[in-house]
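Below is one structure, written out as structure tokens; comments come after it.
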Amino acid sequence: MAPFPLTLSKPLLYVVLLILGFGFGFALETSGFNYAPNLAAQFYFKDTRVLKVMFTAIIVAMVLVFLAVETFVLDYSLIWVPPTYLWPGILGGLIMGVGFIIGGYCPGTSMVAAVTGKIDGIFFVLGGIAGCITFSETERFFHYFYNDSYYGRLTLMDVFHLPIGVVVLLVLFMAFFMFWISEKLEQRFGGKDPAQESRLRYAVALVILLAGVGVLLIGDPTPERGWAHIAPQKQPLLENRSVYIHPGEVLKYIDDDTVAVELIDVRDDAAYNLFHLYWAKHVPLARIDTIVPTLAKNPYADSTLVVVMSNDETLATEAWKHLVGGNVPNVYIMDGGLNHWLEVFGEEDGLEPLPGPFADEELHFRIPQAKGDGFAASQPWWHHYKDVLQFTPKVKLQRKKAPTGGGCG
Amino acid sequence: MKGEQAHREARGWFNRPTKPYTYPYWGGILLGIVLFLAFLIPGTGLGASGALAAVGAFIVDIIAPGHVDRTPILAHLAGGHKNPFSSWLIPLVIGMIIGGFVSGVIGGRAKWETTRGPRISDKTRWVLAFVGGFIFVYGARMARGCTSGQALTGGAVLSAGSWAIMMAIFAGAYALAYFLRNVWN
Chain W
1 MAPFPLTLSK PLLYVVLLIL GFGFGFALET SGFNYAPNLA AQFYFKDTRV
51 LKVMFTAIIV AMVLVFLAVE TFVLDYSLIW VPPTYLWPGI LGGLIMGVGF
101 IIGGYCPGTS MVAAVTGKID GIFFVLGGIA GCITFSETER FFHYFYNDSY
151 YGRLTLMDVF HLPIGVVVLL VLFMAFFMFW ISEKLEQRFG GKDPAQESRL
201 RYAVALVILL AGVGVLLIGD PTPERGWAHI APQKQPLLEN RSVYIHPGEV
251 LKYIDDDTVA VELIDVRDDA AYNLFHLYWA KHVPLARIDT IVPTLAKNPY
301 ADSTLVVVMS NDETLATEAW KHLVGGNVPN VYIMDGGLNH WLEVFGEEDG
351 LEPLPGPFAD EELHFRIPQA KGDGFAASQP WWHHYKDVLQ FTPKVKLQRK
401 KAPTGGGCG
Chain V
1 MKGEQAHREA RGWFNRPTKP YTYPYWGGIL LGIVLFLAFL IPGTGLGASG
51 ALAAVGAFIV DIIAPGHVDR TPILAHLAGG HKNPFSSWLI PLVIGMIIGG
101 FVSGVIGGRA KWETTRGPRI SDKTRWVLAF VGGFIFVYGA RMARGCTSGQ
151 ALTGGAVLSA GSWAIMMAIF AGAYALAYFL RNVWN
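Same order as they appear, the protein sequences are chains W and V.
Using the numbering used here, you'd call the opening residue of the first sequence number 1 and step up by one each time.
Using the numbering used here, you'd call the opening residue of the second sequence number 1 and step up by one each time.
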């Protein structure tokens with residue numbers, strides 16, 4: 001698993017945040033954000049440092065974050081991505097823009113301004129606290145609007161169905177274009193001398209662009225690449241069979257109300273229609289990657305057991321690698337597959353065992369009629385079996401690191 | 001003139017020559033690296049307006065604790081025995097204030113003054129700053145984050161909603177800029 005972000009406990013976490021905050025405040029002050037006319041000048045095209053500093057920071061952080069994500073250094077599912085509430089966000093943004101041009105600061109910059117002695121910064125902070133309290137008191141009048149148009153963790157990659165590298169490059173091109181326009185506008189409206197600009201900025205832009213191309217070339221952290229990355233650590237789990245669980249253990253967890261079970265049947269349509277478990281979700285192996293994001297983001301992953309199954313173990317093991325490579329916690333494979341399941345629970349249906357030898361992933365029983373989940377063995381009752389079945393329990397539900405709550409709202 | 005000189009010297013380290021602000025792109029790179037580290041190490045990104053929300057909730061909690069418990073947004077911050085300052089944002093913002101102060105002192109830019117356009121008085125500027133702060137943070141609460149928590153943080157990790165908010169902030173400010181041109185120019 002990706003080593004970052006770190007799970008830090010309280011005193012150390014606070015020290016780290018204090019240091020990061022120091023860098024944040026230092027960067028804001030040294031960029032001139034504690035001087036309101038500098039900020040307001042953006043909106044008259046006289047000095048566009050607001051846009052330059054903000055977008056430089058965004059593209060630098062973006063390129064570094066996604067390089068780290070794609071090389072499995074940083075786990076994207078564990079970092080704070082502000083959830084999308086579209087319309088309250090847009091209306092709130094417009095209101096913020098109005099406050100920005102009237103007040104000349106934003107919350108962060110006003111605090112830095114206040115601490116460097118700008119009296120107007122102090123007034124902005126006081127106004128901000130009053131605005132906060134007022135919001136809390138008036139939210140009840142638009143409570144539904146405030147919680148409406150919720151899309152959860154929605155990224156630009158999801159919206160445009162593009163790989164990370166493409167979105168990153170598009171953002172870079174947009175940023176460079178805006179920098180170019182801004183410099184032209186500054187020369188026109190702010191009377192800036194183009195000779196004063198640093199030549200070095202072209203070199204830096206080139207480095208950032210090359211890093212963006214790197215993001216494109218490395219490619220998304222797909223489950224397949226994820227598996228290749230963690231195979232050395234996880235392959236032993238397959239070899240010592242600690243992730244192959246007995247059908248009896250699967251049934252035990254199905255009966256256990258404190259644990260949610262996701263049973264994923266990865267066989268093809270024909271095999272699934274012939275016979276499957278009542279609780280199974282049908283996801284053929286070819287489409288297994290489509291369910292990885294949902295399972296990886298499941299907020300109840302701590303108490304969710306994921307079991308993949310096929311007639312034998314080959315297809316299920318392949319699916320297991322995708323899920324594990326895609327960072328889904330608590331994934332197990334049905335030991336011996338559905339053949340084993342039918343051996344254990346098939347008695348009541350009186351299914352006729354077929355003579356061997358069998359090819360891999362071939363069913364060992366004759367199913368006279370494709371009844372899907374209409375067999376007794378499709379939903380056996382745990383209490384019939386709990387005293388007679390012998391198996392070694394292997395499931396250990398792992399706690400997944402939860403993303404640290406970010407966001408200033 | 002001489003007295004004023006002595007007075008300025010008495011102010012010790014606030015008497016440094018005023019250095020110009022850093023070249024914007026270099027400042028942006030510094031900010032970008034800090035932002036990246038805020039994702040890499042704690043995974044949180046940056047934020048600011050939430051600290052003002054904590055202060056607001058703290059004030060209301062002193063005056064009317066029962067009211068805090070009955071108001072969903074405030075209860076979330078300071079309901080029951082919850083300390084509004086237990087948020088991860090508080091150490092971050094304390095660090096931010098220190099960092100801003102240190103940078104200001106080093107650059108000789110930490111001094112008592114009112115920053116404003118040339119055509120308005122200090123008092124007008126104070127009123128506008130208060131009103132602007134009120135409006136801005138009201139909007140920041142509605143959008144669940146400000147220029148730091150949404151535009152910077154969400155922008156860098158490509159959150160769709162944060163990009164919409166960022167565009168809206170610029171749109172709102174540009175839309176009104178013409179009418180306030182005498183305030184700033």
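Using N, Cα and C, we set each Cβ at its ideal position, and we do this for glycine too.
All figures in this text were calculated on a predicted structure; none of them were measured in a lab.
Taking three-plus beta-carbon pairs below 8 angstroms as touching, is the stretch 24-39 of chain V in contact with the stretch 16-30 of chain W?
yes
With 8 angstroms as the threshold, decide whether the Cβ of serine 121(V) is near any Cβ in chain W.
The sequence position of residue 121(V) within the second sequence is 121, counting from 1. With 8 angstroms as the cut-off, serine 121(V) does not count as an interface residue toward chain W.
Could you work out which residues of chain V lie near tyrosine 85(W), taking near to mean beta carbons separated by less than 7 angstroms?
Here residue 85(W) refers to the residue found at position 85 of the first sequence. Arg144 and Gly161, listed in chain order.
Taking CB distances under 8 angstroms as the criterion, tell me whether phenylalanine 85(V) reaches chain W.
In the second sequence, residue 85(V) corresponds to position 85, counting from 1. Answer no: the Cβ-Cβ gap between phenylalanine 85(V) and chain W never drops below 8 angstroms.
State the beta-bridge partners of arginine 366(W) as determined by DSSP.
Position 366 of the first sequence, counted from the start, is the residue given in the question as residue 366(W). According to DSSP, which records beta bridges pairwise, arginine 366(W) is partnered with Glu352(W).
Can the beta-carbon of valine 308(W) be found closer than 8 angstroms to that of isoleucine 291(W)?
Here residue 308(W) corresponds to residue number 308 of the first sequence, with the count starting at 1. Here residue 291(W) corresponds to residue number 291 of the first sequence, with the count starting at 1. The answer is no: Cβ separation not under 8 angstroms.
Applying the 10 Å Cβ sphere with the 16-neighbour rule, what's the burial state of leucine 77(V)?
Taking the first residue of the second sequence as 1, we reach residue 77(V) at position 77. Leucine 77(V) is buried by the Cβ-count criterion.
Return helix, strand or coil for tyrosine 105(W), following the three-state DSSP convention.
By one-based count along the first sequence, residue 105(W) stands at place 105. Residue state, collapsed to three classes: coil.
On the DSSP bridge list, what partners appear for histidine 282(W)?
Mapped onto the first sequence, residue 282(W) falls at position 282. DSSP lists Asp265(W) as partners of histidine 282(W).
Tell me whether the beta-carbon of phenylalanine 189(W) lies closer than 8 angstroms to the beta-carbon of lysine 46(W).
To locate residue 189(W), count along the first sequence from 1; it is residue 189. To locate residue 46(W), count along the first sequence from 1; it is residue 46. Result yes, Cβ atoms of phenylalanine 189(W) and lysine 46(W) sit closer than 8 angstroms.
How do the stretch 124-137 of chain W and the stretch 40-55 of chain V stand: do at least 3 beta-carbon pairs fall below 8 angstroms, yes or no?
yes
For methionine 1(V), which residues from the same chain have a beta carbon less than 6 angstroms from its beta carbon, with the 5 sequence-adjacent residues on both sides left out?
The sequence position of residue 1(V) within the second sequence is 1, counting from 1. At methionine 1(V) the pLDDT is 48, less than 50, meaning the model places this residue with poor confidence and gives no usable figure here.
Beta carbon of threonine 22(V) nearer than 8 angstroms to that of alanine 36(W):
Residue mapping note: residue 22(V) aligns to position 22 of the second sequence, counting from 1. Residue mapping note: residue 36(W) aligns to position 36 of the first sequence, counting from 1. For threonine 22(V) and alanine 36(W), no; Cβs fall outside 8 angstroms.
Residues bridged to threonine 155(W) [DSSP beta-bridge criterion]:
In the first sequence, residue 155(W) corresponds to position 155, counting from 1. Bridge partners of threonine 155(W): Ser159(V).
Expressed to the nearest angstrom, what Euclidean distance is found between the alpha-carbon atoms of leucine 274(W) and isoleucine 367(W)?
Locating residue 274(W) in the first sequence gives position 274, where the first residue counts as 1. Locating residue 367(W) in the first sequence gives position 367, where the first residue counts as 1. Between leucine 274(W) and isoleucine 367(W), the C-alpha separation is close to 7 angstroms.
So, does the stretch 379-398 of chain W touch the stretch 282-291 of chain W, judging by three or more C-beta pairs under 8 angstroms?
no
Distance cutoff 8 angstroms, beta carbons only. Does glycine 108(V) sit that close to anything in chain W?
Stepping through the second sequence from its first residue, residue 108(V) is reached at position 108. For glycine 108(V), the answer is no, since every Cβ of chain W falls outside 8 angstroms of its Cβ.
For the alpha helix (DSSP H) holding tyrosine 332(W), just list the boundary residues, first then last.
For this step, residue 332(W) is matched to residue 332 along the first sequence. Unbroken run through tyrosine 332(W) is the beta strand (DSSP E), 331-334; no alpha helix (DSSP H).
Just to check my reading of the structure: leucine 132(V) and glycine 104(W) have Cβ atoms closer than 8 angstroms, yes? What is that Cβ distance to the nearest angstrom?
Locating residue 132(V) in the second sequence gives position 132, where the first residue counts as 1. Locating residue 104(W) in the first sequence gives position 104, where the first residue counts as 1. The sequence given here places glycine at residue 132(V); leucine does not occur at that position. Confirmed, about 6 angstroms.
Hey, is methionine 1(V)'s beta-carbon within less than 8 angstroms of any beta-carbon in chain W?
Reading the second sequence from its first residue, position 1 is the one you call residue 1(V). Low confidence applies here, because methionine 1(V) scores a pLDDT of 48, under 50, leaving its location unreliable and the question unanswered by this model.
Which residue comes first and which comes last in the beta strand (DSSP E) that contains leucine 305(W)?
Numbered from 1 along the first sequence, position 305 holds the residue referred to as residue 305(W). Leucine 305(W) -> beta strand (DSSP E) spans 304-309.
By the three-class DSSP mapping on this structure, what secondary structure does methionine 1(V) have?
Counted from its first residue, the second sequence places residue 1(V) at position 1. Unreliable positioning characterises methionine 1(V) in this predicted model, as indicated by a pLDDT of 48, which lies under 50. A coordinate reading is not provided.
Does the beta-carbon distance from alanine 48(V) to glycine 93(W) come in below 8 angstroms?
In the second sequence, counting from the first residue as 1, residue 48(V) sits at position 48. In the first sequence, counting from the first residue as 1, residue 93(W) sits at position 93. Result no, Cβ atoms of alanine 48(V) and glycine 93(W) do not sit closer than 8 angstroms.
Consult DSSP for glycine 407(W) and reduce its assignment to one of helix, strand or coil.
By one-based count along the first sequence, residue 407(W) stands at place 407. Since pLDDT at glycine 407(W) reaches only 49, below the 50 mark, its modelled position is unreliable, and no value is offered.
Collapsed DSSP secondary structure at threonine 290(W) in the structure displayed:
By one-based count along the first sequence, residue 290(W) stands at place 290. If DSSP states are grouped into helix, strand and coil, threonine 290(W) belongs with the helices.
Going by the CB atoms, is the gap between alanine 130(W) and phenylalanine 72(W) shorter than 8 angstroms?
One-based indexing of the first sequence puts residue 72(W) at position 72. One-based indexing of the first sequence puts residue 130(W) at position 130. No.
When the cut-off is 8 angstroms and only beta carbons count, does leucine 78(W) lie next to chain V?
In the first sequence, residue 78(W) corresponds to position 78, counting from 1. So yes, leucine 78(W) belongs to the interface.
Any C-beta of chain V sitting closer than 8 angstroms to the C-beta of serine 303(W)?
One-based indexing of the first sequence puts residue 303(W) at position 303. So, not an interface residue.
Measure the alpha-carbon distance for glutamate 361(W) versus tyrosine 272(W) and round it to whole angstroms.
In the first sequence, the residue the question calls residue 361(W) occupies position 361. In the first sequence, the residue the question calls residue 272(W) occupies position 272. Glutamate 361(W) and tyrosine 272(W): Cα-Cα distance of roughly 13 angstroms.
Contact check, alanine 156(V) vs isoleucine 58(W), beta carbons under 8 angstroms
Here the question's residue 156(V) lines up with position 156 in the second sequence. Here the question's residue 58(W) lines up with position 58 in the first sequence. Yes; because the gap between Cβ atoms is below 8 angstroms, this pair is in contact.
Can you pull the DSSP bridge partners for glutamate 113(V)?
For the purposes of this step, residue 113(V) is taken as the residue at position 113 of the second sequence. Answer by DSSP bridge pairing, in chain order: Lys118(W).
What did DSSP end up calling glutamine 390(W) once you bin it into helix, strand or coil?
By 1-based counting over the first sequence, the position of residue 390(W) is 390. Note: glutamine 390(W) maps to coil in three-state DSSP.
Could you please give me the residues that DSSP links to phenylalanine 275(W) through a beta bridge?
Position 275 of the first sequence, counting from 1, holds the residue named residue 275(W). According to DSSP, phenylalanine 275(W) bridges with Gly372(W).
Counting only the same chain and skipping the five closest in sequence on each side, list residues whose C-beta sits under 6 angstroms from that of isoleucine 264(W).
As a position in the first sequence, residue 264(W) is number 264, starting the count at 1. Correct list, in chain order: Lys281, Val283 and Val308.
For glycine 350(W) and asparagine 330(W), I'd like the C-alpha separation in whole angstroms.
Locating residue 350(W) in the first sequence gives position 350, where the first residue counts as 1. Locating residue 330(W) in the first sequence gives position 330, where the first residue counts as 1. Taking the straight line from one Cα to the other gives about 34 angstroms.
State buried or exposed for glycine 407(W), treating a residue as buried only when at least 16 other CB atoms are found within 10 Å of its CB.
The sequence position of residue 407(W) within the first sequence is 407, counting from 1. Only weak support exists for where glycine 407(W) lies, its pLDDT of 49 falling under 50; the value from the coordinates is given anyway. Glycine 407(W) is buried by the Cβ-count criterion.
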